[in-house]
């Protein structure tokens, strides 16, 4: 079933089967060939000619598998799509192709309303897959992006806190450096005062001692 869906929604191109990436310049889908027993299918979904980028094949496979898992019984949109695909090999315009495919659908007991209803059914299936993917994206954002955003916020807060502490420490260093300079100045002043006092005492001492010694010498000279 999945292979059948790919033949309806996927471009077939033998020359690109083994290429790692699709040709983004290719804007028109290639009509699939029905000849040969070893037909190779290039799994690139048809994309709008207005777009230069083909859809991601892995995601295309996921969506087609969802359609396969929810395929309706009987002749529905998928079978109608298959008829359109077969008629695309014929030289007819689009309105004629759709009318011809619908004529075949009528022989299977279906109607336009049933075809549209089944088409909407598959749109609902794809919408559910889209919601599942969006939830997965949200979970990835929560675990990888938002988690890192929280880490960034916490790191910024931590950095700001440390900057504040550094500023406070710098202020303390400046205050203590000023105090250190004042103490050094006080130390120098105190040492100078002590030295001055010492010099004054020694000067007085020398003066008194000199006088006494002089008197003793004179007494020895004059009184003996």
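Numbering (the working numbering), first residue to last: 2 to 225. All C-beta atoms in this analysis are idealised placements derived from N, C-alpha and C, irrespective of residue type, glycine included.
Check whether residue i and residue j have beta carbons under 8 angstroms apart
i: residue 72; j: residue 79; result: yes
i: residue 89; j: residue 98; result: yes
i: residue 116; j: residue 143; result: no
i: residue 87; j: residue 106; result: no
i: residue 9; j: residue 82; result: yes
Extent of the continuous alpha helix (DSSP H) run through residue i
i: residue 84; result: 78–88
i: residue 152; result: 148–223
i: residue 135; result: 113–141
i: residue 96; result: 95–107
i: residue 58; result: 58–70
Close beta carbons around residue i, own chain, < 7 angstroms, minus the five adjacent residues each side
i: residue 2; result: 69 and 72
i: residue 206; result: none
i: residue 39; result: Residue placement at residue 39 is poorly supported in this model, since its pLDDT is 30, which falls under 50; the coordinates still yield a value, given next. So no residue of the chain qualifies.
Buried versus exposed call for residue i [16 or more other C-beta atoms within 10 Å across all chains shown]
i: residue 134; result: exposed
i: residue 61; result: buried
i: residue 119; result: buried
Rounded separation between residue i and residue j - CA only
i: residue 138; j: residue 154; result: 22 angstroms
i: residue 129; j: residue 59; result: 17 angstroms
i: residue 4; j: residue 63; result: 13 angstroms
i: residue 182; j: residue 157; result: 37 angstroms
i: residue 198; j: residue 223; result: 37 angstroms
i: residue 103; j: residue 136; result: 38 angstroms
i: residue 147; j: residue 125; result: 30 angstroms
i: residue 221; j: residue 185; result: 53 angstroms
i: residue 178; j: residue 168; result: 15 angstroms
i: residue 140; j: residue 152; result: 17 angstroms
i: residue 193; j: residue 159; result: 50 angstroms
i: residue 218; j: residue 191; result: 40 angstroms
i: residue 176; j: residue 202; result: 39 angstroms
i: residue 96; j: residue 131; result: 31 angstroms
Neighbourhood of residue i by C-beta, 8 angstroms cutoff - its chain only, sequence neighbours within 5 removed
i: residue 123; result: 68, 71, 78 and 79
i: residue 174; result: none
i: residue 204; result: none
i: residue 216; result: none
Same chain, Cβ closer than 6 angstroms to residue i, five either side skipped, listed in chain order
i: residue 101; result: 88
i: residue 171; result: none
i: residue 209; result: none
beta-carbon residue i near the ligand GDP non-hydrogen atom, thresh 7 angstroms
i: residue 213; result: Although the ligand GDP was asked about, the structure shown includes no ligands whatsoever.
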